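Numbering (our numbering), first residue to last: 232 to 512. Here a beta-carbon is modelled for each residue, glycine too, at the ideal position from N, C-alpha and C. All figures in this text were calculated on a predicted structure; none of them were measured in a lab.
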């Protein structure tokens, strides 16, 4: 099974780039399932229902979030009727929405997606390790699920790596989000789980984490806010990670980063048949 995960959509330029590129990516590369982190898609803070629908219509099967999930207050209402929008699994009991769900891929396979949030340098939610352990035990790979994807939304690389090793051999992919910078450590762990510390963002990289540079620089210098953070409007790069899984076990056979457009060096998975056509666009 071919699965694509796109990192955090940041602002209008990030979400527009992803929405415009996704249909062709799905068609050209026969993608079976697509996950997108959308928590920064509404002017950098949260996601509206209209934006969610646009991302789903473009070809995403699931949209994950993180610490900005409630920045748009309407999300507290509409998330209950949108089972393809996930919030972190380890929010306390009674929080609206869901943190994990089983979906059907384009090829008919069963894919569980889980969204958990770390606790190091983040809001102190419930234990993400205990939460994901319960979810995976209820939907075991190779039995109930043909693939399991975990979006680990966290600040600390060590916490993301620890989660990957904790789940190694039990899920298809653990991918980090939140820090908006693509890492170079994509790999398949000892027991068959694919891992990447951060998928990066879909946004303008002539920025500070997708935001116009002036205000973040000002805050680091003066330690006081001068204006609101505003998403950068430059040329966007689409960043993510692709995997292929074994049909029998659901574990990863291949993993590679994806980078299209913008300032970063372009990279397209070599195991995609249409590598040249995508890279040339």
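Practice task
Have a look at residue 359 and residue 321 and give me their C-alpha separation to the nearest angstrom.
Solution key: Going from the Cα of residue 359 to the Cα of residue 321 covers about 6 angstroms.
Practice task
Have a look at 288, 261 and 234 and flag the residue whose alpha-carbon is nearest the alpha-carbon of residue 249.
Solution key: Comparing alpha carbon positions, the residue from 288, 261 and 234 closest to residue 249 is 288.
Handout entry: Rounded C-alpha distance that separates residue 272 from residue 441
Key = C-alpha separation (whole angstroms): 11 angstroms.
Problem - Three-state secondary structure (DSSP) of residue 492 - result: Of the three classes helix, strand and coil, the one that applies to residue 492 here is coil, per DSSP.
Exercise for the section: Could you tell me whether the Cβ atoms of residue 408 and residue 239 are closer together than 8 angstroms? Expected result: Their beta carbons are under 8 angstroms apart, which means residue 408 touches residue 239 by this criterion.
Exercise for the section: For the beta strand (DSSP E) containing residue 398, list its first residue and its last residue. Expected result: From DSSP, residue 398 is part of no beta strand (DSSP E) but of the alpha helix (DSSP H) over 388 to 398.
Exercise for the section: For residue 482, name the three-state secondary structure that DSSP assigns. Expected result: Coil at residue 482, not helix or strand.
Practice task
Could you tell me the distance, in whole angstroms, from the CA atom of residue 473 to the CA atom of residue 234?
Solution key: In this structure, the CA atom of residue 473 is about 6 angstroms from the CA atom of residue 234.
Practice task
Quick one: using the 10 Å Cβ neighbour count with 16 as the cut-off for buried, is residue 451 buried or exposed?
Solution key: Residue 451 is exposed by the Cβ-count criterion.
Problem - Residue range of the unbroken beta strand (DSSP E) whose run includes residue 236 - result: 233 to 237 is the extent of the beta strand (DSSP E) around residue 236.
Problem - C-alpha distance - residue 445 paired with residue 335, whole-angstrom precision - result: For residue 445 and residue 335, the distance between alpha carbons rounds to 44 angstroms.
Practice task
Give me the Cα-Cα distance between residue 310 and residue 328, rounded to the nearest whole angstrom.
Solution key: Straight-line Cα distance between these residues: approximately 5 angstroms.
Practice task
Check each candidate in 461, 411 and 398 and name the one with the smallest Cα separation from residue 423.
Solution key: Taking only the C-alpha atoms, the option nearest residue 423 is 398.
Exercise for the section: Compute the Euclidean distance between the alpha carbons of residue 275 and residue 435, then round it to the nearest angstrom. Expected result: The straight-line gap from Cα to Cα measures roughly 12 angstroms.
Problem - Residue range of the beta strand (DSSP E) that includes residue 458 - result: It is not in any beta strand (DSSP E) - residue 458 carries neither H nor E in the DSSP assignment.
Exercise for the section: Could you check if residue 443 is buried or exposed, using at least 16 other CB atoms within 10 Å of its CB as the buried criterion? Expected result: Counting C-beta atoms within 10 angstroms of its own C-beta, residue 443 has 16 or more neighbours from the protein chains shown and is therefore classed as buried.
Handout entry: CA-to-CA distance, residue 460 to residue 439, given in whole angstroms
Key = Rounded to whole angstroms, the separation of the alpha carbons of residue 460 and residue 439 is 10 angstroms.
Practice task
Please name the residue in 376, 339, 338 and 325 whose C-alpha comes closest to that of residue 357.
Solution key: For residue 357, the nearest C-alpha among the options comes from 325.
Practice task
Report, in whole angstroms, the separation of the C-beta atoms of residue 396 and residue 420, which I expect to be a contact under 8 angstroms.
Solution key: In this structure residue 396 touches residue 420 by the C-beta definition: roughly 7 angstroms separates them, less than 8 angstroms.
Practice task
Measure the alpha-carbon distance for residue 531 versus residue 305 and round it to whole angstroms.
Solution key: A question about residue 531 goes unanswered here, because the residues of the chain that appear run from 232 up to 512.
Handout entry: Close beta carbons around residue 246, own chain, < 8 angstroms, minus the five adjacent residues each side
Key = Hits under 8 angstroms: 240, 269, 272, 282, 285, 286 and 433.
Practice task
Indicate the three-state DSSP secondary structure (helix, strand or coil) for residue 420 in the structure shown.
Solution key: Under the three-state reduction of DSSP, residue 420 is assigned to coil, being neither helix nor strand.
Exercise for the section: Whole angstroms is fine: what's the gap from residue 467's alpha carbon to residue 476's? Expected result: The straight-line gap from Cα to Cα measures roughly 29 angstroms.
Exercise for the section: Go ahead and pull the three-state DSSP assignment for residue 412. Expected result: Residue 412 falls in the coil class under three-state DSSP.
Practice task
Answer yes or no: do residue 344 and residue 279 have a C-beta to C-beta separation smaller than 8 angstroms?
Solution key: Result no, Cβ atoms of residue 344 and residue 279 do not sit closer than 8 angstroms.
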